[in-house]
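K.L.:
Residue numbering for the sequence shown follows UniProt numbering, beginning at 1 and increasing consecutively. Let me give you the structure first, and then I'll get to my questions.
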Amino acid sequence: MALHSSSTNELCNKDPFGWHPHYSHIHLQPFYRYDLVVIGGGPGGYTTAIKAAQLGLRVACVEKRKTLGGTCLNCGCIPSKALLNTSHNFEKLKKGIPGIVASSVSVDVKKMMDDKDSILRTLNMGIQGLFRKNKVDFIQGHGKIVDANKVAVEDKIVETENIIIATGSEVTPFPHESLKVDGKFVLSSTEALCLDKVPKEMVVIGGGAIGLELASVWSRLGAKVDILEFAPDVCSVMDVDVSKNIKRILEKQGLKIHVNTKVLKGEIKGDKITIHAESAGKPVSFTAEKVLIAMGRRPYTEGLGLEALNVETKQGRIPVDDQFRVSDKSGAPVSSVRAIGDVITGPMLAHKAEEDGMAALGYIVNQDLVHVDHNLIPSVIYTHPEIAGVGATEQSLVKEGKEFKKGVFSYMGNSRAKIYGESDGFVKILADKENKILGAWIVGPDASELIAQLTIAVTYGASTVDVTRTCFAHPSLSEAVKEACLAVHSKPIHM
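Structural data, given as structure tokens:
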């Protein structure tokens with residue numbers, strides 16, 4: 001998720017490492033001509049810029065940060081996974097691994113953060129090298145559209161045949177002023193990735209991916225964590241069995257999850273903050289050192305200059321047609337300007353933005369590079385166990401009145417999961433009456449990896465029979481996928 005301009009999160013816009021990558025910034029003349037200018041250097045923006053250059057276009061990428069990679073790399077997906085990995089390893093050692101004696105295990109938060117920053121630095125330098133290799137010009141500064149073929153960057157004008165908007169998203173703020181992010185008591189995900197010590201208590205407002213992941217990190221490291229979710233379930237957009245089981249599993253790990261809870265306001269007293277909320281019509285309160293606002297993200301289009309194109313956002317999103325061309329107020333497409341990723345419809349995910357970018361670029365160069373179906377974008381939550389899904393949920397099929405069959409296979413019947421000591425999870429397959437796979441949901445170890453094979457199956461119309469007739473290596477977690485497909489036909493082997 002890219003963020004090319006300033007937002008409420010200053011940490012996300014400054015150089016987080018205190019170093020200055022030596023990008024070959026171009027020295028702009030009053031006018032500089034390109035085939036394509038991409039506004040936003042996140043996963044959608046920088047990958048599209050590189051691919052366009054590989055196809056022979058003269059390309060520039062405009063990004064306000066000193067580093068590329070957007071929110072995802074600088075203060076989102078990547079740093080959170082680094083902390084999840086370290087905290088998971090700490091928890092495993094603390095709880096004990098059979099045959100391994102570790103008499104004393106402790107946390108060094110500074111070293112943990114240093115390791116995270118080292119990973120980000122290496123990956124940032126990698127993108128820098130890819131830009132040089134593919135001759136993509138990185139123009140640092142705020143990009144504002146002047147007209148359909150001009151982008152202003154600070155005090156210069158860049159002319160271009162085509163523009164792709166990839167400005168990503170920003171943290172959705174809490175509506176009450178008492179819970180405005182201040183970096184001390186009230187945190188966004190950015191600040192929660194940079195704490196210098198483990199808080200004694202943390203309240204997380206929001207039970208989606210961001211909330212569950214960061215709650216897991218700090219809970220594993222010793223914080224007492226309460227998660228407050230307004231909806232009846234956490235992960236409410238995922239399959240019903242995912243929501244039901246992950247709440248149970250995470251609560252076993254020590255997280256306290258409060259659903260159907262409406263947060264009203266915050267109140268700071270001394271070195272603590274108290275959250276006043278309402279649950280089942282009764283007032284409740286939670287006191288902690290830190291409060292994390294994890295209510296999701298919203299499209300970021302501030303200062304982009306959409307008014308110059310007579311374009312108006314709808315619920316924050318830029319309207320586009322089926323070729324990703326932005327639509328003006330009359331509904332007519334602006335032929336030279338396209339938008340991708342978090343600023344348009346569909347899930348706010350880095351990999352979705354990348355696919356959008358490839359598809360949009362395909363229309364520019366008149367090549368069928370990729371087809372994007374926003375209903376078939378895999379989603380993952382990197383808790384432990386991991387959660388992953390693609391395609392239809394059981395509740396969506398019921399709502400649509402579609403006939404379907406389902407098969408569920410527990411990791412308790414999988415030998416590799418037993419070896420890992422992680423048998424609390426399942427694979428669930430949803431199929432139509434002809435056995436075509438409509439959706440797949442996984443709670444368990446390496447779900448983020450296993451979902452790829454099922455994404456291929458759903459995307460290309462494979463059936464459960466196709467999967468059951470395929471040979472899977474033994475012992476492997478993937479065997480649970482085959483068994484779940486067998487379960488659709490009531491014929492699993494190991495259950």
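Built from N, CA and C at the ideal position, the CB exists for glycine as well. It should be emphasised that the depicted structure is a prediction, and the values quoted were computed from it without experimental measurement.
Consider the Cβ of L123: report whether some Cβ of chain C lies at a distance smaller than 8 Å.
P.N.:
In the structure shown, chain C does not exist; there is a single protein chain.
K.L.:
Which same chain residues, not among the five before or five after E213, have their C-beta less than 7 Å away from its C-beta?
P.N.:
Position 213 of the sequence shown, counted from the first residue, corresponds to residue 213. Closer than 7 Å at Cβ, skipping near neighbours: S80, L84, I381, Y382, T383.
K.L.:
Is the separation between the beta-carbon of L55 and that of V365 shorter than 8 Å?
P.N.:
For the purposes of this step, residue 55 is taken as residue 55 along the sequence shown, with counting starting at 1. For the purposes of this step, residue 365 is taken as residue 365 along the sequence shown, with counting starting at 1. Against a cut-off of 8 Å, the Cβ pair of V365 and L55 comes out as a contact.
K.L.:
Count the other CB atoms, across all protein chains shown, that sit within 10 Å of the CB of L438; report buried if there are 16 or more and exposed otherwise.
P.N.:
As a working note, residue 438 is residue 438 in the sequence shown. The residue is buried, with at least 16 neighbouring Cβ atoms inside 10 Å.
K.L.:
According to DSSP, which residues form a beta bridge with L292?
P.N.:
Counting from 1 along the sequence shown, the entry for residue 292 is found at position 292. For L292, which the question treats as bridged, DSSP gives the partners L187, V204.
K.L.:
Which same chain residues end up closer than 6 Å to residue 501 when comparing Cβ atoms and leaving out the 5 residues on each side of it in sequence?
P.N.:
Residue 501 lies beyond the stretch modelled for the chain, which goes from 1 to 495, so this question has no answer here.
K.L.:
Report yes if the C-beta distance between Y411 and G389 is below 8 Å; otherwise report no.
P.N.:
Within the sequence shown, numbered from 1, the residue matching residue 411 stands at position 411. Within the sequence shown, numbered from 1, the residue matching residue 389 stands at position 389. Taking 8 Å as the Cβ cut-off, Y411 and G389 do not qualify as a contacting pair.
K.L.:
Per the DSSP calculation, G444 is bridged to which residue(s)?
P.N.:
Within the sequence shown, residue 444 is the residue found at index 444, counting from 1. Its beta-bridge partners are E386.
K.L.:
A339 lies in the beta strand (DSSP E); which residues open and close that run?
P.N.:
The residue labelled residue 339 in the question sits at position 339 within the sequence shown. Counting along the chain, the beta strand (DSSP E) containing A339 begins and ends at 333-339.
K.L.:
Give every residue of the same chain whose Cβ lies closer than 8 Å to the Cβ of P21, excluding the five residues on either side of it in the sequence, and list them in chain order.
P.N.:
The sequence position of residue 21 within the sequence shown is 21, counting from 1. Reliability fails at P21, whose pLDDT of 36 lies under 50, so the model's placement of it is uncertain and the value that follows must be treated cautiously. The residues are K66, T67, N124, M125, Q128.
K.L.:
Under the three-state reduction of DSSP, which class applies to C61: helix, strand or coil?
P.N.:
Here residue 61 refers to the residue found at position 61 when the sequence shown is read from its first residue. In the structure shown, C61 sits in a strand (DSSP, three-state: E or B).
K.L.:
So P299 is in the beta strand (DSSP E); what residue range does that whole segment cover?
P.N.:
Start at 1 with the first residue of the sequence shown, and residue 299 comes out as number 299. It spans 297-299 - the beta strand (DSSP E) in which P299 sits, taken as one unbroken run.
K.L.:
Are V204 and A294 close, meaning C-beta to C-beta below 8 Å?
P.N.:
The residue you call residue 204 lines up with position 204 of the sequence shown. The residue you call residue 294 lines up with position 294 of the sequence shown. Their beta carbons are under 8 Å apart, which means V204 touches A294 by this criterion.
K.L.:
By alpha-carbon positions, which one of G413, Y420, V291 ends up nearest to A487?
P.N.:
Counting from one through the sequence shown, the residue named residue 487 turns up at place 487. Of the listed residues, the one whose Cα sits closest to A487 is G413.
K.L.:
Say the cut is 7 Å; is the CB of F286 nearer than that to a heavy atom of the ligand PLP?
P.N.:
In the structure on display, the ligand PLP does not appear, and there are no ligands present to speak of.
K.L.:
For the beta strand (DSSP E) containing D137, list its first residue and its last residue.
P.N.:
To locate residue 137, count along the sequence shown from 1; it is residue 137. Where D137 is concerned, the enclosing beta strand (DSSP E) stretches over 137-140.
K.L.:
Nearest to R58 by CA position, among I493, V217, P333, I163, is which residue?
P.N.:
What you label residue 58 is simply residue 58 of the sequence shown in a count that begins at 1. It is I163 whose Cα lies nearest to the Cα of R58.
K.L.:
What are the boundary residues of the alpha helix (DSSP H) that H258 is part of?
P.N.:
Here residue 258 corresponds to residue number 258 of the sequence shown, with the count starting at 1. It is not in any alpha helix (DSSP H) - H258 instead sits in the beta strand (DSSP E) that spans 256-258.
K.L.:
State whether the region 350-359 contacts the region 299-311, with contact taken as three or more CB pairs (one from each stretch) at a distance under 8 Å.
P.N.:
Because the criterion of three Cβ pairs below 8 Å is not met, the region 350-359 and the region 299-311 do not touch.
K.L.:
Name the one or two DSSP bridge partners that F286 has.
P.N.:
As a position in the sequence shown, residue 286 is number 286, starting the count at 1. Beta-bridge pairing links F286 to I275.
K.L.:
Please classify K491: does DSSP put it in a helix, a strand, or coil?
P.N.:
For the purposes of this step, residue 491 is taken as residue 491 along the sequence shown, with counting starting at 1. Reduced to three states, the DSSP call for K491 is coil.
K.L.:
Under a three-way DSSP split, which group does N74 fall into?
P.N.:
As a first step, residue 74 is located in the sequence shown; it is residue number 74 there, counting from the start. Looking at N74 - three-state DSSP - the assignment turns out to be helix.
K.L.:
Identify the residues that DSSP records as bridge partners of N435: which are they?
P.N.:
Counting from 1 along the sequence shown, the entry for residue 435 is found at position 435. Its beta-bridge partners do not exist; DSSP assigns none.
K.L.:
What residues in its chain sit with their C-beta under 7 Å from that of G254, if we drop five residues either side in the sequence?
P.N.:
Locating residue 254 in the sequence shown gives position 254, where the first residue counts as 1. Cβ neighbours of G254 beyond the five flanking positions: S219.
K.L.:
Opposite E170 in the DSSP bridges: which residues?
P.N.:
One-based indexing of the sequence shown puts residue 170 at position 170. DSSP, once it has assigned bridges, lists R298 as partnering E170.
K.L.:
Using 8 Å as the threshold, is the C-beta distance between Q453 and S415 below it?
P.N.:
Locating residue 453 in the sequence shown gives position 453, where the first residue counts as 1. Locating residue 415 in the sequence shown gives position 415, where the first residue counts as 1. Against a cut-off of 8 Å, the Cβ pair of S415 and Q453 comes out as no contact.
K.L.:
Among residues of its own chain, excluding the 5 on either side of S24, which ones have a beta-carbon nearer than 6 Å to its beta-carbon?
P.N.:
Taking the sequence shown and counting its residues from 1, one reaches residue 24 at position 24. Its pLDDT being 42, under 50, S24 is placed unreliably by the model, and nothing is read from it.
K.L.:
Taking the Cβ atom as the reference point for each residue, do E267 and S188 lie within a distance shorter than 8 Å?
P.N.:
Position 267 of the sequence shown, counted from the start, is the residue given in the question as residue 267. Position 188 of the sequence shown, counted from the start, is the residue given in the question as residue 188. In this structure, S188 does not lie closer than 8 Å to E267 by Cβ.
K.L.:
By alpha-carbon positions, which one of R33, A280, C235 ends up nearest to A152?
P.N.:
As a first step, residue 152 must be located in the sequence shown, where it is residue number 152. Here the closest residue by C-alpha is R33.
K.L.:
For the beta strand (DSSP E) that L264 lies in, which residues bound it at each end?
P.N.:
Within the sequence shown, numbered from 1, the residue matching residue 264 stands at position 264. Segment 261-269, the beta strand (DSSP E) holding L264.
K.L.:
Under DSSP, the beta strand (DSSP E) around S327 begins and ends at which residues?
P.N.:
By 1-based counting over the sequence shown, the position of residue 327 is 327. S327 -> beta strand (DSSP E) spans 325-327.
K.L.:
Does DSSP classify A308 as helix, strand or coil?
P.N.:
For the purposes of this step, residue 308 is taken as residue 308 along the sequence shown, with counting starting at 1. Three-state result, A308: helix.
K.L.:
Excluding the five sequence neighbours on either side, which residues of its own chain have a C-beta within less than 7 Å of the C-beta of Y348, listed in chain order?
P.N.:
Here residue 348 refers to the residue found at position 348 of the sequence shown. Going by the sequence as given, residue 348 is Met instead of Tyr. If we look at M348 and ignore the five residues flanking it on each side, its Cβ neighbours are M1, S169, R297, D342.
K.L.:
For the candidate residues I50, K406, T48, whose alpha-carbon lies nearest to that of D239?
P.N.:
In the sequence shown, the residue the question calls residue 239 occupies position 239. Nearest of I50, K406, T48 to D239, Cα basis: K406.
K.L.:
Y460 by DSSP, collapsed to three states: which one?
P.N.:
As a working note, residue 460 is residue 460 in the sequence shown. If DSSP states are grouped into helix, strand and coil, Y460 belongs with coil.
K.L.:
Pick helix, strand or coil for F426, following the three-state DSSP scheme.
P.N.:
If you number the sequence shown from 1, residue 426 lands on position 426. The answer is strand: DSSP assigns F426 an E or B state.
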